[in-house]
Each structure stands twice: as structure tokens, then as C-alpha cells.
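Data first, discussion second: the structure below is written as C-alpha cells.
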Amino acid sequence: MNNPLDSLNPQQQQAVTAGPGPVLVLAGPGSGKTRVLTQRITYLINSLGVRPYNILAVTFTNKAAREMEVRISGMTGEQTQWLTLGTFHSICARILRREAGDLPFNSNFVIFDQDDQISLVKLALKELNLDDKRFRPMGVHEAISNAKNELILPDAFTIQSYRDETVQRVYKRYQELLLANNALDFDDLLLWTAFLLEEKSAAREKYAHRYEHILVDEFQDTNFAQYTLLKHISSFHRNIFVVGDTDQSIYGWRGADYRNVLRFEKDYPDSQTVLLEQNYRSTQSILDVATAIIDRNPYRTPKRLFTERGEGRKAIVSESYDDHTEAAFVVESIVKSVSAKLAQPGDFAVMYRTNAQSRVLEEAFLAVNMPYKLVGAQRFYGRREIKDIIAFLRLVHNPDDEISLTRIINIPPRGIGDKTFYSLRAAAGRLGCSSGAVLLQLAKKGEVPELESLSPRSKSSLGQISRLLADWYSSKSRLSPLGLMDRILNDVDYHFYIDDGTDEGHERWENVMELRRLAAEYPEDGLVDFLEQVALVSDQDTLESNSNVPTLLTLHAAKGLEFPVVFIVGLNEGLLPHSRSFDDPEAMMEERRLMYVGITRAMDRLYLVFSQNRRAYGFTEPVNPSRFLADIPYHLLEEINPTNPNRYSRSQLENHPERWHVSNTSSVKMEEVQQHFHPGMRVLHPSWGEGMVLNSRVQDRDEIVDIFFENLGMKKVVASLANLEIKT
DNA sequence: ATGGACAATGTTTTT
DNA sequence: CATTGTCCAT
Numbered sequence: 100m101n102n103p104l105d106s107l108n109p110q111q112q113q114a115v116t117a118g119p120g121p122v123l124v125l126a127g128p129g130s131g132k133t134r135v136l137t138q139r140i141t142y143l144i145n146s147l148g149v150r151p152y153n154i155l156a157v158t159f160t161n162k163a164a165r166e167m168e169v170r171i172s173g174m175t176g177e178q179t180q181w182l183t184l185g186t187f188h189s190i191c192a193r194i195l196r197r198e199a200g201d202l203p204f205n206s207n208f209v210i211f212d213q214d215d216q217i218s219l220v221k222l223a224l225k226e227l228n229l230d231d232k233r234f235r236p237m238g239v240h241e242a243i244s245n246a247k248n249e250l251i252l253p254d255a256f257t258i259q260s261y262r263d264e265t266v267q268r269v270y271k272r273y274q275e276l277l278l279a280n281n282a283l284d285f286d287d288l289l290l291w292t293a294f295l296l297e298e299k300s301a302a303r304e305k306y307a308h309r310y311e312h313i314l315v316d317e318f319q320d321t322n323f324a325q326y327t328l329l330k331h332i333s334s335f336h337r338n339i340f341v342v343g344d345t346d347q348s349i350y351g352w353r354g355a356d357y358r359n360v361l362r363f364e365k366d367y368p369d370s371q372t373v374l375l376e377q378n379y380r381s382t383q384s385i386l387d388v389a390t391a392i393i394d395r396n397p398y399r400t401p402k403r404l405f406t407e408r409g410e411g412r413k414a415i416v417s418e419s420y421d422d423h424t425e426a427a428f429v430v431e432s433i434v435k436s437v438s439a440k441l442a443q444p445g446d447f448a449v450m451y452r453t454n455a456q457s458r459v460l461e462e463a464f465l466a467v468n469m470p471y472k473l474v475g476a477q478r479f480y481g482r483r484e485i486k487d488i489i490a491f492l493r494l495v496h497n498p499d500d501e502i503s504l505t506r507i508i509n510i511p512p513r514g515i516g517d518k519t520f521y522s523l524r525a526a527a528g529r530l531g532c533s534s535g536a537v538l539l540q541l542a543k544k545g546e547v548p549e550l551e552s553l554s555p556r557s558k559s560s561l562g563q564i565s566r567l568l569a570d571w572y573s574s575k576s577r578l579s580p581l582g583l584m585d586r587i588l589n590d591v592d593y594h595f596y597i598d599d600g601t602d603e604g605h606e607r608w609e610n611v612m613e614l615r616r617l618a619a620e621y622p623e624d625g626l627v628d629f630l631e632q633v634a635l636v637s638d639q640d641t642l643e644s645n646s647n648v649p650t651l652l653t654l655h656a657a658k659g660l661e662f663p664v665v666f667i668v669g670l671n672e673g674l675l676p677h678s679r680s681f682d683d684p685e686a687m688m689e690e691r692r693l694m695y696v697g698i699t700r701a702m703d704r705l706y707l708v709f710s711q712n713r714r715a716y717g718f719t720e721p722v723n724p725s726r727f728l729a730d731i732p733y734h735l736l737e738e739i740n741p742t743n744p745n746r747y748s749r750s751q752l753e754n755h756p757e758r759w760h761v762s763n764t765s766s767v768k769m770e771e772v773q774q775h776f777h778p779g780m781r782v783l784h785p786s787w788g789e790g791m792v793l794n795s796r797v798q799d800r801d802e803i804v805d806i807f808f809e810n811l812g813m814k815k816v817v818a819s820l821a822n823l824e825i826k827t
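Mapping of the first sequence onto the working numbering: residues 100 to 827, in sequence order.
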């Protein structure tokens, strides 16, 4: 029988069979890390006899988890349903439902999405009489979210300004409101799980003992809460296997911290490190472009990406007049390649920095009648009609969900306005329960004394919705998610309400039908799962691979995917890099990594597309090409004629190596770096203590210092980040 | 309570 | 510009 390990290269084999103990796999793009993870789990089960029940694997998307499960079950023939496999958020949700007895919410909590979270912040602001102009809900929420990702509870919130003090008050109230709603937000899933494992030793021991082996994908995109969580769960067996690539860290704005990779090495000094540098995806010229981009980031250990796939074709750079010509160029290129039988429609992906950019592209595809798929669950689940239906379901599942009640209490319009709803909430306040509970009580008893002061009209309206709610509530255990949904749609005549005869109305109803199809996949008792799935879907989860049409997606959504031909469009200053990152070097580095991620998705061909003009705020303005283009050596690029040369005057720049530099703005000008450290110097590192400088060199606009520490041995340190002190 | 008209206001990425 | 909020008339 042939050994599955034979198909792996030596480094991959080393990773798969590494251990016991902590293992860090630094995996460049396309280096087969998914295969390594899958093989590793298979190896644990088949060769080491580990039971699937004792394995925990964290993937970045639910889709990746499902795919992995299929492959593992094929290779092991084991009962893979016993594996714990999923995203951080879904795994935490599962744990919290199981352990809710130890926690201040009950197990049928709902998960609040972004919109719900903002609504709740608004509510908290209102309750505290704060001006939402001065304290923008989004901004306040971001601060709260950041704190949660750092496991900072309201009481520990650092106060350095009046604003901080206010945020702290809102944060406190926000958390109270969540609990009152029996709801958790995304961050809570991590926060409460970390709390559970930290504070409840019985729970910690249970999970730490159970999970003999822990595997984590995309480790560079974990945040502190996730890191802490892992630390607790792995505290007993210490068999923690993490795979990541700091160069592909693109979720810093969400609290992800690629320094967790460094933290890992520090917290697990006995960890084994495996480097995967061979790329199986791209041609060498694509890798060269990628390397040219990422090499400009100072804070990184240089990696040598190589491939045996050969040189391949040069990357194509194309300049267009504006975003419309840009889109036309993309579509035309695809049409040409397809009709020349050089590629299939499904081979193409078009990537962009912001979702808004997809519209122009969609129009261009529509114009030539070419079907496409757009990655983005957000777009579907964010639609009004979908949110309505989900709100109904969520409310039936958990009547304390005030946000959902607020959404649907007057849908379709049944004469309940602000005033009536306010009275209902006031009654709930006096009774010490939620508005939903009051409604259920009203339906049950026919009257609630606290509501007697209302006008007969309002009372009858409330009575109507309360009877509906009570009816659904009492039948929910007998109905499948689909059955319940149909019941609701029918009872409120949602079709009549949403489909007003216009094209848009029709489309909205179609979306409801689509949601119906999704609900149909859940069994009798699947409401929790359905709602959880809906709350935690990632954009990629909805991506189907069987349609053979071009894919449109953001660069973020492209993570982990690959395509034969990749277009990156909108390569202009302000868009990529995005203008919001101009004055923040960290953010700028992340933009660069984003570009790197995009490039390295390409297997055979890469198109880099930018334009001369772009509309912003409704006006078309001239824009500069992205500074990142200037970083690519000209010999790696091939320029092709723009779609329609007559539409604009050709760029005044001629074909010489410096041409991109000419119009390039330089808003972040990095200074020349002076060498401060020399061999023999003694230095003090904030966490590693005292050490001696062995070597130092200026590289990539930063100084890299090799230091020898007594207990740790030789470490490479980046001077600008390490905060080294020179001992005299 | 509701719907429409107008004004302001704000713009990344997503579990 | 495109969405969201606010004001006003019904």
C-alpha cells in the first residue's frame, strides 16, 4: 500500500509528522498548507491512533472546514463527525451553548450581527443621553470591539480622555443590553469562551483534557482573545499545531495580530518550526511580482518563494481611462480568452479593494450577457427582506431579542409606531422583563394591566402581533425552520408586503425564496443551527465551485483561494492602498499584504489594472496609479494596449523603467535608517531581558538586529518595533 | 401612524 | 452618489 506521505515534500512531511508538542508552520502562499493540515489530522488518526473526538481544528471559513472533513473521512474511514472542526466563532458558539449553565445567558442565545450591534450601541447611547453625532455609534462600537478582542472588560477599560470615559459607560451598558436580550455579539463568542476557560477551572480542564491535538489555520489572523483561548485549551496536552504566514495578515483592523506568531514562539520556546517555501500554485514570474511587493515591508523574515512550474508569462499591466473602461477591459479580455479557447470562464477572478467597485464590473458583465458570481454573503444577508425574515425567526426562537422585535413589530405596517412601542417597552420595564415576554403574556391572558392606558387602536394592534408571536412560539418545537418560516410568511402575507409589483419588489421576493431554499436544508430541530449558520456565514461559504463562470470578489474574500487567471482592478492611490491607510504605516503595510494576497492567488496569469480617472463622491477625478505598481521591476511586466486608445490621450509617459515613478505620490516617505546597534553592544529587550548584539544590518528601511539572550539563544529583532534599550 | 420629500452626511476590508 | 435620517403633510 502506498504511503500518502510520499506525495509530500520533505518539509510538508516534517510538518505532518512533527511533534509531540507545539509546532509552528510558516507556510508561504500556495505551499500546500491545507493539504498539510488535512494529512496531519489523517496521520494523527491513522498512525497515532488519536480518536477524532480528541482533535480540534480551527479553519478560517466553514466551507474550508466542510471540505477538510470530507477529505479526512475519505482517508481515514473514521467517524469524522466526532472531530471538532470549524471557525473560531462557530466552535465557540457550540461550546457556549453547552456551557451556558455556568454563564449569564441561556443556551438559546442569538448572535447579533454588525447591524444589530450598531443598533444596540445607539440604544445604549440614547439611554445614557449621549449625542450620537459626537459619539458616532460606529466609532464607539469599534472601540468596544477592540477592547473585547483584547479581553478588556468594561471595568478594566483604559481611560485617558473624556471620550474613553464615555466609551466605557456605553460599553458597560451595551454589555448589559446584550445579556438582557439573551444575545451575544461576534466578539462575545470569543470573549465569553476565553472567560469560561479562564475562570471556570472545571470547564477548562474538561476541554484541555479532551483536546489532545489542536490545529489552527491562518494563525496570523488570530486576535488576542483567540490566542488566549487556544492557550487555555492547549494547556494540558500542549499539542498545538499552528499554520500561518505573517505576510498574509490582512485582518489587523479586526483585532487580528500577526505578532501572535512571534508570541507563539515566545510562549512555547520548545516549539518546532517548519518552513514551507515551495509554491505549487503560481508561475515564477507571478511569484517574482509578489515578492517585489512584499519585500518592501520592513517587519518580516524574508522568505524565498520558489516554484517548479517555470517562468510563465509576464504579468500584464493595463491602464484605462476610468472604472468603466477598466471593467470593459476586464470583460473583453475574458471574452477573448474564452473564445480563443485559452481558458474557461470559471478560470477567471476579478478582485478589488472595496465592495462598491463590484457594481461597475457587474454592469460590464451584464452588458455582454456573461454570467458571473459575486462572492459576498453579506450582500445577501444584509438585504432588508432577508433581515426581516431572520428577525421573525430569531424572535420566535428568543422572544427577548429586542432588536429583532423592533425590526418586525410593525412589519407589515399594523399601526404600531414609536409611541405604542415605547409604551410596550415601558410596560416591560415595569414588569422587569422583555417586550417580547410582555407580548407573550398579553396573548396568553388577553390583557396586561400595564398596557391598559393605551388607546383601543394601539391595544388591538399589539394584540394582533402578540397572538401571532405566541402562536409561532408555541408551535416552533413542532416545526422545522422551513415550516416555521412558511407559517410566518403566510401569516403576515409577506409576499404581498414585499412584492409591490416593481422589478425590485419581485427581486426581493426572489431573495426570500432563496432563503427558503437555505432553510429547507435544516431538520426538524434545526432552528438554532440555521440561525447560527446565518449569523456566522462568511463570504466564502457561499462560494460554489461548480458553475464555471468568472468570480468577482474583494481581496479580503480571496484569501485562501486560487484561480488560473486573476485581475486586480482599481490599482490606484486611494483605493489600493486605500486612502484610510495613508497616514498609518501599519495600515499601509497591511494594504501591501492585501496586494500580495491578491497576486499570489494567481496560478498562470495576472492582470494589474488601473485607471486615470475615478469617480468619488459623484465626481470623476484624475487619480494616480498605485504606489505598489512602482515597486514592481519593469522587466516583470508587460503593458498591453488599452481597450480603446481613442477614448483618451495616451499617457505622456514613455516606455522607460522609471515610468511608474513619475506620477507616483509619496505620502509615506520613509526616511533613511541609521544603524544604531553594533556587535558587542549590550541591550535590554522589554520582555526578553538583557542580551548581546551579535550582528546588525539595515534592511528594508529598518534595522534588523541579531541578539543573543542568555535563556533564549539568538533572536532576530526589528529595531523600530522592539523598543530596545542600549546598556552602557 | 405613515409615507414622501428633502437634507445632511459619510464612505474599507468582515466573523 | 447613495444611503440614512429628519421633517412635514396627510
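Even glycine gets a Cβ: it sits at the ideal position worked out from N, Cα and C.
List the whole-angstrom C-beta distance separating residue i from residue j, where the pair is believed to meet the contact cut-off of C-beta under 8 Å.
{"i": "N359", "j": "F294", "result": "Their Cβ separation, rounded to whole angstroms, is 19 Å, which puts N359 and F294 out of contact at 8 Å."}
{"i": "L219", "j": "L182", "result": "With 8 Å as the limit, L219 and L182 do not qualify as a contact, their Cβ atoms being about 35 Å apart."}
{"i": "G409", "j": "Q383", "result": "6 Å"}
{"i": "D344", "j": "A126", "result": "6 Å"}
{"i": "N308", "j": "N338", "result": "The sequence given here has His at residue 308, not Asn. With 8 Å as the limit, H308 and N338 do not qualify as a contact, their Cβ atoms being about 12 Å apart."}
{"i": "I349", "j": "E689", "result": "6 Å"}
{"i": "V373", "j": "V122", "result": "7 Å"}
{"i": "A302", "j": "D201", "result": "6 Å"}
Suppose contacts are defined by Cβ-Cβ distances below 9 Å. Is residue i in contact with residue j by that definition?
{"i": "R700", "j": "V722", "result": "no"}
{"i": "R362", "j": "N248", "result": "no"}
{"i": "V474", "j": "D638", "result": "yes"}
{"i": "F491", "j": "N610", "result": "no"}
{"i": "L675", "j": "L660", "result": "no"}
{"i": "V449", "j": "V668", "result": "yes"}
{"i": "E631", "j": "A163", "result": "no"}
{"i": "R272", "j": "L227", "result": "yes"}
{"i": "V135", "j": "A114", "result": "yes"}
{"i": "L736", "j": "A414", "result": "yes"}
{"i": "V648", "j": "G445", "result": "yes"}
{"i": "Y695", "j": "Q347", "result": "yes"}
{"i": "L539", "j": "S574", "result": "no"}
{"i": "E425", "j": "F709", "result": "yes"}
{"i": "R726", "j": "E720", "result": "no"}
{"i": "S576", "j": "D624", "result": "yes"}
{"i": "T160", "j": "L184", "result": "no"}
Nearest to residue i by alpha carbon, out of the options?
{"i": "Y521", "options": "L492, S557 and I510", "result": "S557"}
{"i": "K225", "options": "E241, Y270 and A242", "result": "Y270"}
{"i": "K204", "options": "L553, I502 and L283", "result": "It is Phe, not Lys, that sits at residue 204 in the sequence shown. It is L283."}
{"i": "I515", "options": "T179, W291, L561 and S432", "result": "L561"}
{"i": "R380", "options": "N454, A389 and F464", "result": "A389"}
{"i": "N281", "options": "D446, A536 and K544", "result": "A536"}
{"i": "H423", "options": "T406, A463, V416 and R399", "result": "A463"}
{"i": "D286", "options": "E264, T175, A324 and S260", "result": "A324"}
{"i": "A455", "options": "L654, Q267 and L375", "result": "L654"}
{"i": "L793", "options": "L783, H784, P785 and D805", "result": "D805"}
{"i": "S206", "options": "F776, V696, D599 and N497", "result": "N497"}
{"i": "P778", "options": "E549, L386 and I803", "result": "I803"}
{"i": "I217", "options": "F208, D201, L202 and F234", "result": "F234"}
{"i": "L250", "options": "N322, R616, K402 and I510", "result": "N322"}
{"i": "D356", "options": "A729, T327, H784 and P622", "result": "T327"}
{"i": "N396", "options": "P785, V591 and R691", "result": "R691"}
What are the residues that DSSP puts in a beta bridge with residue i?
{"i": "H784", "result": "G788"}
{"i": "Q377", "result": "F405"}
{"i": "K472", "result": "T650"}
{"i": "K826", "result": "R781"}
{"i": "G343", "result": "L125"}
{"i": "E738", "result": "V416"}
{"i": "D585", "result": "Beta-bridge pairing links D585 to no other residue."}
Whole beta strand (DSSP E) runs in the stretch 224 to 304 with 3 or more residues, listed along the chain? Within the stretch 224 to 304, the runs of beta strand (DSSP E) that reach at least 3 residues and sit entirely inside it are, in chain order, 282 to 284.
Could you name each continuous beta strand (DSSP E) segment of 3 residues or more that falls completely within the stretch 426 to 467, going from the start of the chain to the end? Complete beta strand (DSSP E) runs here, min 3: 447 to 451.
List, from N- to C-terminal side, the alpha helix (DSSP H) runs of 4 residues or more that fit wholly inside the stretch 680 to 708. Those alpha helix (DSSP H) runs which fall completely within the stretch 680 to 708 and span 4+ residues are 684 to 698.
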